[in-house]
Amino acid sequence: MCDVVIVRYDEIALKSQPVRRRFEKTLIDNIKTALLRHGITYSGITEEWGRIFVHTEDEDAADVIARVFGTASASPAVTTEATLESAAHTAAQIGSDTIKDGESFAIRASRAGIHDFTSIDLARVCGDAVRECTSSRVDLTNPDQEIFIDMRQKHAYLYTRSVAGAGGLPYSSQGKMIALVSGGIDSPVAAWLMMKRGTRVIPLYYDLEEYADTVSAKNAEKNINKLWEWSYSDMLAYRIPYGSCLREIIEKCNPRMTCVMCRRMMYRIAAEITEKEDGCGIITGCSLGQVASQTATNMFAEMYGLGIPIYHPLIGLDKREIIDRAIKIGLFSGEKPA
Numbered sequence: 011m012c013d014v015v016i017v018r019y020d021e022i023a024l025k026s027q028p029v030r031r032r033f034e035k036t037l038i039d040n041i042k043t044a045l046l047r048h049g050i051t052y053s054g055i056t057e058e059w060g061r062i063f064v065h066t067e068d069e070d071a072a073d074v075i076a077r078v079f080g081t082a083s084a085s086p087a088v089t090t091e092a093t094l095e096s097a098a099h100t101a102a103q104i105g106s107d108t109i110k111d112g113e114s115f116a117i118r119a120s121r122a123g124i125h126d127f128t129s130i131d132l133a134r135v136c137g138d139a140v141r142e143c144t145s146s147r148v149d150l151t152n153p154d155q156e157i158f159i160d161m162r163q164k165h166a167y168l169y170t171r172s173v174a175g176a177g178g179l180p181y182s183s184q185g186k187m188i189a190l191v192s193g194g195i196d197s198p199v200a201a202w203l204m205m206k207r208g209t210r211v212i213p214l215y216y217d218l219e220e221y222a223d224t225v226s227a228k229n230a231e232k233n234i235n236k237l238w239e240w241s242y243s244d245m246l247a248y249r250i251p252y253g254s255c256l257r258e259i260i261e262k263c264n265p266r267m268t269c270v271m272c273r274r275m276m277y278r279i280a281a282e283i284t285e286k287e288d289g290c291g292i293i294t295g296c297s298l299g300q301v302a303s304q305t306a307t308n309m310f311a312e313m314y315g316l317g318i319p320i321y322h323p324l325i326g327l328d329k330r331e332i333i334d335r336a337i338k339i340g341l342f343s344g345e346k347p348a
């Protein structure tokens, strides 16, 4: 029972009016792309202050929209007139469909706009209608079922569930960066976190060729595909053959400096690609002290003089925290992390 999905955002609402409008437009464009990718049809998208309404009868749209960065939550809802009578009638219908024998319920009502009744009046009238229809008892503290009513100026929207959104800022609203992505879980989690903050990422994978097995390349491809699933746009990716470069480093450099030189060369190549793509930074999966190339001293040497900002979203996280985030976003399925 659904004819619209209510989309809420939070951080966007804190922006200035011009920035807010731009971010709202980007968010709506990303929602359209997400729905198209998942084959969900809709008749239109409208806006009210602080809300976006996607007009569709497909309840799965809420789950799809919730994965779009910038979304705080999404609720499949039923639209009715902005009157006590219409809201009560629809609430009774929903209650009859969702509340089972012996279950308790609660009405959670809110209003925006000018009406000749309060939110308490709205909750009381709708609660009476549901109780009369279902013979269920009201429990405002620990109900078995909840019916939410969002009363706006022209319409009321009733729903029983909300899907937590991905949060953050709309994808592509904060510029473009090159993300170093490997077959492990650290680098894609770092890229995902920057995507959540609105950065459009271009994954860059260094193929170590004879210095790595084929599993690493396959895992890197999987990681990039997973990032694409969250992007809701086209995603360009680079694959750089790196075996010959690493071989020369091994042959000509002090063995103690192999990790530092290898990483520094990767940054130099990434910096050139950043300039080529008109990007504004490089993203890495470095976590301070996790491996030899990620000590404070070595990271200083690796980045010294590059002239392009390098971002480390995981810098203060330990491996357990990184794995937890990887599981949450679908990047880690139990294999030993690289």
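In our numbering, the protein residues as written are 11 to 348. All C-beta atoms in this analysis are idealised placements derived from N, C-alpha and C, irrespective of residue type, glycine included.
If you ignore the 5 residues before and after Gly185, its C-beta comes within less than 6 angstroms of the C-beta of Cys290, all in its own chain and listed in chain order. If you check the CB distance, Leu94 and Phe127 come in under 8 angstroms. With fewer than 16 neighbouring CB atoms inside 10 Å of its own CB, Pro251 falls in the exposed class.
Exclusion of the five residues before and after Ile117 leaves Ala133, Cys136, Gly137, Ile157 as the residues of its chain whose Cβ lies within less than 6 angstroms of its Cβ. DSSP places Ser85 in the uninterrupted beta strand (DSSP E) bounded by 83 to 91. Counting along the chain, the unbroken alpha helix (DSSP H) around Phe33 starts and ends at 27 to 47. The Cβ neighbour count for Tyr314, taken over all protein chains shown within 10 Å, is under 16; the residue is labelled exposed. Under the Cβ criterion (8 angstroms, minimum of three pairs), the stretch 31 to 48 does not count as touching the stretch 195 to 207.
Listed in chain order, the non-local C-beta contacts of Ser106 below 7 angstroms within the same chain comprise Cys143, Thr144, local neighbours out to five positions each way being set aside.
Secondary structure of Glu57 (DSSP, three-state): strand.
Our two residues, Asp149 and Gly177, have alpha carbons roughly 31 angstroms apart in a direct line. The three-state secondary structure of Met276, taken from DSSP, is helix.
From the listed residues Ala97, Arg141, Thr209, Ile283, the smallest Cα separation to Asp111 is found for Arg141. Three or more beta-carbon pairs separated by less than 8 angstroms link the stretch 44 to 51 to the stretch 71 to 81, which places the two stretches in contact. Taking 8 angstroms as the cut-off, the Cβ atoms of Gly253 and Glu220 count as close.
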